[in-house]
Amino acid sequence: MHSPEAMRKVKKELAEVIGVGKAVEESDVARLPYMQAVIKESLRMHPPAPLLLPRRAKTDVEVCGWTVPKGAQVLINEWAIGRSPEVWDDAHVFSPERFLDSDIDVKGRHFKLTPFGSGRRICPGSPLAVRMLHLMLGSLVNCFDWKLDNNMEPKIWTWMNRLGQFLFHCKIPDSAFNCFCLFPCVFVYFFSCFFSELFYCTLISVIK
Ligand code: HEM
Numbered sequence: 010m011h012s013p014e015a016m017r018k019v020k021k022e023l024a025e026v027i028g029v030g031k032a033v034e035e036s037d038v039a040r041l042p043y044m045q046a047v048i049k050e051s052l053r054m055h056p057p058a059p060l061l062l063p064r065r066a067k068t069d070v071e072v073c074g075w076t077v078p079k080g081a082q083v084l085i086n087e088w089a090i091g092r093s094p095e096v097w098d099d100a101h102v103f104s105p106e107r108f109l110d111s112d113i114d115v116k117g118r119h120f121k122l123t124p125f126g127s128g129r130r131i132c133p134g135s136p137l138a139v140r141m142l143h144l145m146l147g148s149l150v151n152c153f154d155w156k157l158d159n160n161m162e163p164k165i166w167t168w169m170n171r172l173g174q175f176l177f178h179c180k181i182p183d184s185a186f187n188c189f190c191l192f193p194c195v196f197v198y199f200f201s202c203f204f205s206e207l208f209y210c211t212l213i214s215v216i217k
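Counting from 1 along the sequence shown, just add 9 to a position and that's the residue number in the working numbering.
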């Protein structure tokens with residue numbers, strides 16, 4: 010809905026591959042590359058677990074030149090990695106096309122896109138989640154025409170994204186975007202959520 014062009018392309022693909030108004034089935038998914046790319050792009054820009062799950066280092070360990078001391082709590086800022094211009098071209102643009110000729114997936118092998126984590130503690134529910142995302146998103150888009158509430162302009166939502174970027178970028182060092190690093194930023198995260206929510210509620214009240 011935020012990207013009318015991507016919405017148009019997904020609807021077109023669904024209409025051509027399975028026919029308008031039909032629910033998507035598992036066997037259809039392989040024939041829907043654009044929708045697969047839309048889901049990866051959504052997980053890149055809007056990871057449902059923006060800081061993954063907290064972990065604690067059992068021993069001193071060196072990661073990308075940084076020393077993580079024994080006992081330190083480690084938070085992976087997946088949200089910031091997904092939006093980092095050092096990692097992605099046009100990082101703040103919703104562009105599913107970037108995944109069309111790419112082998113990047115969400116199985117934890119590509120550290121630039123790990124919405125389900127990586128390694129031995131990767132989300133065990135990810136195969137189920139990925140299947141459900143395709144079936145649900147595809148069916149919802151194929152069976153309904155969607156629009157923003159009160160014909161709201163997508164740019165209003167962009168302001169909200171910008172606010173989120175500001176709150177994150179002003180607190181987190183650039184070097185942290187490059188790799189899995191250590192931050193004591195759980196407070197920043199909660200404050201960011203709080204202020205974003207406050208801004209959102211105020212905005213909605215003003216619009217209403
Ligand atoms: C879009 C949906 C989902 C997302 C984005 C997600 C994301 C995550 C992430 C980021 C982690 C932490 C991985 C890490 O620290 O490396 C995790 C762990 C976990 N997830 Fe999910 N998850 C999703 C759906 C599910 C579902 C459907 C289930 C169960 C059916 C599930 C069960 C678990 C469990 C049990 C863990 C803990 C694994 C461990 O610590 O060993 N998740 N998930």
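Glycine residues also receive a C-beta, built at the ideal position from the N, C-alpha and C atoms.
By the Cβ neighbour-count rule, Gln-45 is buried, with 16 or more other Cβ atoms within 10 Å of its own. In this structure, the CA atom of Lys-156 is about 15 Å from the CA atom of Val-19.
Relative to the ligand HEM, Phe-120 has its C-beta separated by 7 Å or more from all heavy atoms. Three or more pairs of CB atoms, one per stretch, sit closer than 8 Å, so the segment 82 to 92 contacts the segment 47 to 66.
The Cβ-Cβ distance between Gly-117 and Gly-126 falls below 8 Å. With respect to the 8 Å criterion, Glu-22 and Leu-41 are classified as neighbours on the basis of their beta carbons. Burial is judged here by how many other beta carbons sit within 10 angstroms of a residue's own beta carbon; Pro-59 has at least 16 and is buried. Here Phe-108 is not near Lys-31, since their CB atoms are 8 Å or more apart. Taking C-beta separations shorter than 8 Å and ignoring five residues to either side along the sequence, the partners of Asp-69 in its chain run Thr-76, Val-77, Pro-78, Lys-79, following chain order. Residue state for Val-19 is assigned as helix, using DSSP reduced to three classes. Leaving aside the five residues that flank Lys-121 on each side, the residues in its chain whose CB is nearer than 6 Å to its CB run, in chain order, Val-96.
The beta carbon of Pro-59 sits no closer than 7 Å to any heavy atom of the ligand HEM. Excluding its 5 nearest sequence neighbours in each direction, Asn-151 has C-beta neighbours in its own chain below 8 Å: Lys-20, Leu-23, Ala-24, Ile-27, Val-29, Gly-30, Lys-31, Ala-32, Val-33, listed in chain order.
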